[in-house]
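Enquirer: So the sequences go chain by chain: V and D.
So for the first sequence, numbering that gives the first Met the number 0 puts the first residue at 0; every next one is plus one.
So for the second sequence, numbering that gives the first Met the number 0 puts the first residue at 0; every next one is plus one.
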Amino acid sequence: MSGNGYAGLAAEVVKQALAAGATDAECTISEGDEFSASVRLRELETLKEAGSRAAGLRILRGRHTGSAYTSDLSSGGIRQMVRSAIELADITTEDPFAGLPEAAELGAIDGDLGLYASDVEGLPTEVKIDAARRAEDAALRADPRISNSEGASFDTHVGRHAFANSRGFAGEYCASYCSLTAVPVARAGDSMERDYWYSAARGFAGLDQPEDIGRIAAARAVRRLGAVKVETKKVPVVFEPRTARSILDNIFDAVHGGAVYRNESFLAGKLGKRVASERLTVIDDGTIPGLFGTSPFDDEGVPTRRTVVIDRGVLQSYLLNTYTARKLGLRTTGNASRGLAGNAGVGNGNLYIEKGAAPPAELIAGIREGFYVTELIGFGVNIVTGDYSRGAAGLWIRDGELAFPVSEVTIAGNLQQMLMNLEAAATDLEFRGSMAAPTLVIAEMTVGGR
Amino acid sequence: MPFAESFFPQRFGIATRDLENHLSEALSQGGDYADLYFEYLSASAISIDESIVKSASQGVSLGVGVRVLAGERTGYAYSDDLSPEKIRKAARVAACIAAGPASVERVSLNEGRRRNLYPVLTAPTETAFTDRVELVKRADRAARAYDGRIFQVQASYADNLRQVLIATSDGVLSWDRQPLARLNVSALARANGGPPQRGHAGGGGRVELRFFLAEKTPEHFAAAAAREAIVMLDAVEAPAGEMTVVLGPGWPGILLHEAVGHGLEADFNRKGVSAFSGRIGQQVASPLCTVVDDGTIAHRRGSLNIDDEGHPTGRNVLIENGILRGYLQDKLSSRLTGAAETGSGRRESYAHIPMPRMTNTFMLAGESDPEEIVRSVPRGLYCPDFGGGQVDITSGNFVFSAAESYLIEGGRITRPVRNATLIGNGPEALKYVSMVGNDLKLDEGIGVCGKEGQSVPVGVGIPTIRIDRMTVGGTA
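(1) Do you know whose CA, among D:152, D:86, D:105 and D:24, lies nearest residue 97 of chain D's CA?
(2) Rounded to whole angstroms, what is the Cα-Cα separation between residue 92 of chain D and residue 96 of chain V?
(3) When we look at the beta-carbon of residue 40 of chain D and count the other beta-carbons within 10 Å, is it buried (16 or more) or exposed?
(4) So, are the CB atoms of residue 256 of chain D and residue 459 of chain D less than 9 Å apart?
(5) If you drop the 5 nearest sequence neighbours on each side, which residues of the same chain put their C-beta closer than 6 Å to that of residue 309 of chain D?
(6) Exposed or buried, residue 73 of chain V, counting other C-beta atoms within 10 Å across all chains shown (16 or more means buried)?
(7) In chain D, which residues lie with their C-beta within 9 Å of the C-beta of residue 46 of chain V?
(8) Output, in chain order, the set of chain D residues within a Cβ distance shorter than 7 Å of residue 119 of chain V.
(9) Helix or strand or just coil, what does DSSP make of residue 177 of chain D?
(10) Would you mind telling me which residues of chain D sit closer than 8 Å to residue 74 of chain V, beta carbon to beta carbon, in chain order?
(11) Between the region 185-202 of chain D and chain V, which residues of the former have CB atoms less than 7 Å from a CB of the latter, in chain order?
(12) Could you check the C-alpha separation between residue 356 of chain V and residue 422 of chain V for me, to the nearest Å?
(13) Please confirm whether residue 134 of chain V and residue 158 of chain V have their CB atoms less than 9 Å apart.
(14) Classify residue 151 of chain D as buried or exposed, calling it buried when 16 or more other Cβ atoms lie within 10 Å of its own Cβ.
(15) Assuming residue 451 of chain V and residue 352 of chain V make a contact with CB atoms under 8 Å, what is their CB distance in whole Å?
(16) Rounded to a whole number of angstroms, what is the C-alpha to C-alpha distance between residue 137 of chain V and residue 249 of chain V?
(17) Using a C-beta cutoff of 9 Å, does residue 407 of chain V count as contacting chain D?
(18) In whole angstroms, what is the alpha-carbon distance linking residue 295 of chain D and residue 158 of chain D?
(19) Does the beta-carbon of residue 126 of chain V have 16 or more other beta-carbons within 10 angstroms, so that it is buried, or is it exposed?
(20) Does the Cβ of residue 2 of chain V have 16 or more other Cβ atoms within 10 Å, making it buried, or fewer, making it exposed?
(21) Just the chain V side, please: which residues come within less than 7 Å of residue 57 of chain D by C-beta, in chain order?
(22) Contact between the region 252-269 of chain V and the region 433-447 of chain V is defined here as three or more beta-carbon pairs at a separation below 8 Å; is this criterion met?
(23) By a C-beta neighbour count over all protein chains shown, 10 Å radius and 16 as the cutoff for buried, is residue 154 of chain D buried or exposed?
(24) Of all the residues that make up the region 365-389 of chain D, which are near chain V by a beta-carbon distance shorter than 9 Å?
(25) Under 8 Å by Cβ, that's how I've got residue 417 of chain D and residue 386 of chain V pegged, so tell me the actual separation to the nearest angstrom.
(26) Roughly how many whole angstroms lie between the Cα atoms of residue 360 of chain D and residue 179 of chain D?
(27) For a test of the three-state rule: what should DSSP assign to residue 425 of chain V, helix, strand or coil?
(28) Taking only runs of the alpha helix (DSSP H) that begin and end inside the region 290-365 of chain D, which ones reach a length of at least 4 residues, in chain order?
(29) Let me know the beta strand (DSSP E) ranges lying completely inside the region 264-332 of chain V, each 3 residues or longer, listed in chain order.
(30) For residue 400 of chain V, count neighbouring C-beta atoms within 10 Å of its own C-beta (all shown protein chains included) and say buried if the count is 16 or more, exposed if not.
(31) Taking 8 Å as the cut-off, does the region 423-442 of chain D touch the region 359-377 of chain D (at least 3 CB pairs, one atom from each stretch)?
(32) Against chain V, with Cβ distances strictly below 9 Å, would residue 333 of chain D count as a contact?
(33) Measure the C-alpha to C-alpha separation of residue 118 of chain D and residue 144 of chain V and round it to an integer number of angstroms.
(34) May I have the straight-line CA-CA distance separating residue 238 of chain D from residue 290 of chain D, to the nearest angstrom?
(35) Alpha carbon to alpha carbon, how far is residue 113 of chain V from residue 0 of chain V? Give it in angstroms, no decimals.
(36) Pull up the distance between the alpha-carbon of residue 397 of chain V and that of residue 241 of chain D, whole angstroms please.
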């Protein structure tokens, strides 16, 4: 990473905003270098490489807010951004809850969080292309039915993030990321299916072997071939970790402080109450070294922490930034998240469902007839009501075994009942992103088909 | 307006000569095509929540993307600094996709023919904030006034003005000024302390601010959102399984976007990974169906004078009387397959590589009376409004989620049902279209299409249609 001292620049922007009439201010600066190489049918297909940086400013004049951003970090660009933010405070409404965190709440957690691995920057282009080529080649060789490919890609991002506010906070950190993905296409007769597999890590050394990624992606695509549409019926539904993660995504939306104070979440008003089976424990932890949801401070300069969201079925905490916490009469959980424009939103740290005691195969073995879901599509989840209806593909479970592939069906229910009907979480919890869940079994949902 | 008087030469002193030099640099390693995409985007957003204008923001992002094609290969680099040294550096990085001596002779740029599908004198982004903030305040008041059971309203207004300049090594120099604005309203209703229900509405286009004052007012969108929330208070469980579905006119055209649109993008078909690959000339829909993608409709959200590769957009027939006619092409796919360009190369920003995308996708009107279509159904589902949709282009399976729908019982629309997802298979679903209404309507201007991480504004449209068989993902 070239250059540093962005925290100093952010603090300087804050100072300028105060001089221009703001009573409080906070400034975010992000800089990043991205690289992407993709290979298709063993030939290099694209190479992309560039860097960019930008700043965002949010100011308060009393209880009025205004916000502006720019990709021009010259002194002229900064001046314009400050003027723009101040101008906008005139059109917003006085909001008694608007404000920065209290000074005592600000800070950063200490120690090496393992966010930056030095082996990403400077990794030779040939090595990156070769990793993608090896992953795709392994997929193409894995099975004669792998007839085609959407390719494999190697992506990296190295960035620096700085934040300062007028309550005296200034901090910055660097983070690196790399990932390798393969997307093979399988064909048998008229049936054509694609699937993918990937590995992601803070550093190159943390990635899985390219050959393993390719083989897993190929096996996933092949097992979907010849899928049928089943009859409409109510059965137990098993979510593999990849699709179970999306249930966690729904839980996140439901405990998001903004949805809660507006009463647009089915979990609003349920703090301290049983909202799920006692097999469900959900934790958000932004402090685990090396993981993707980890950072020393949130986007308001508050230290990240570990928050138990649901403890054995009982709702213990929402995920909050300063604003949503004040609206609910609570304290921030260090979950402020923001882009460059507007007010801070709420984001997750490492949000995960605690693993259970049984391996996934054992859970499947106990099901006479059911649906093992490997893919979900669409946006049919209503967080206000919990109504849940999504397109699904996967494998039909018969007599405790994965019997045949199924596609073009829906699965439907209501999240409130689905969480209560959670029968088991398996042992296979693995952090492949900032949200992670093990295999989950829900006692009954409606599968819509023929 | 000659080039010298356009935005980038005026604001950044960019001259034709500079562009030609950068293109030559991009082709210096043997690439066979290169282009430059300059973008200056000013954007603003205002939102109201709990009757308080809590957020207002504005900002600018600018940059240039340099692309080099060498056979099937693409090299791409960008810079958020428009100085000649930084552009030259980006051109050198992109050039490396090719390996060999320069093969293209000196580039010579010519100004293309120009038209203006969105003659907007003053873009909303250039108007006073005090006028724009009124839009969200009016929407908030109107939604609350609609019905005493509305207890929560959020409205957001966003606009942007995009200045683009595109120069290509085959000599095309083009530029455009692209305004865009949208107002969204969401309302929550609750009756007697029961569970809340939500309604949504929104719209806009490449319009002047006057559009929201004279044509589609904040009150129009507010009433639509509030009405939907109130209707949903009485919703019963949605049915599950295969049944007859009637789609209402307008936004339900998202069916076409998911079921056929994405599967007809040329990149997937060139690679043979779409369920529609190799099916040109085949029957993929009932003979009642003609589907077009038209980027030339004045003031529409999905319209563009030129696509993001500098090619004029067009009216492209995708399906004609049920027969698959063509794909949506970008520069790379048309170069590789020899197909004519369709003006469908789009990108989210200067930091993104263009690819084939839709503009405004809709089905042409048929001859049936919409009321007669509903009357013809003994038992089924009527869907006048949807949320989002998604497709797996390889298997062809697609979904779209009903936001407002009703049971049809004995030829009459009866009870509202809770949100349900509809699922079908692209090359099959439209074969079951048995009636097409005479009431084609385009959506209000709200669509955002995502593909491979890039978002672009799009439009859809459809008349009332009857689909004899589709799977509905309810619980009853």
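Glycine included, every Cβ here is placed at the ideal spot set by N, Cα and C.
Expert: Reading it off the structure:
(1) Of the candidates D:152, D:86, D:105 and D:24, D:24 places its Cα closest to the Cα of residue 97 of chain D.
(2) 49 Å
(3) With 16 or more other Cβ atoms within 10 Å, it is buried.
(4) Contact flag set, yes.
(5) 165, 167, 171 and 173
(6) exposed
(7) 72, 73, 74, 75, 76, 92, 93, 95 and 96
(8) Going along chain D, no residue has its Cβ under 7 Å from residue 119 of chain V, so there is no contact; the nearest lies around 18 Å.
(9) strand
(10) Ordered by position in chain D, no residue passes the 8 Å Cβ test against residue 74 of chain V, which lies about 15 Å from the chain.
(11) 187, 194, 195, 196 and 197: these are the residues of the region 185-202 of chain D whose beta carbon lies less than 7 Å from some beta carbon of chain V, given in chain order.
(12) So the alpha carbons of these two residues sit roughly 12 Å apart.
(13) no
(14) buried
(15) Residue 451 of chain V lies beyond the residue range present for chain V, which begins at 0 and ends at 449; the question has no answer from this structure.
(16) 35 Å
(17) Chain D, which has a Cβ nearer than 9 Å to the Cβ of residue 407 of chain V, makes this yes.
(18) 21 Å
(19) It counts as exposed.
(20) Confidence at residue 2 of chain V is low in this model, with a pLDDT of 44, below 50, so the placement of that residue should be treated as unreliable; the coordinate-derived value is given next. That one is exposed.
(21) 67, 83 and 87
(22) no
(23) buried
(24) 386, 387, 388 and 389
(25) 5 Å
(26) Cα to Cα, the separation comes out at about 18 Å.
(27) strand
(28) 330-336
(29) 281-284 and 305-310
(30) exposed
(31) Yes, the region 359-377 of chain D is in contact with the region 423-442 of chain D.
(32) Chain V contact via Cβ: absent.
(33) Distance between the alpha carbons of residue 118 of chain D and residue 144 of chain V: 53 Å.
(34) CA-to-CA, the gap between residue 238 of chain D and residue 290 of chain D works out to about 29 Å.
(35) Per-residue confidence for residue 0 of chain V stands at a pLDDT of 37, beneath the threshold of 50, marking its modelled position as unreliable; no derived number is given.
(36) 23 Å
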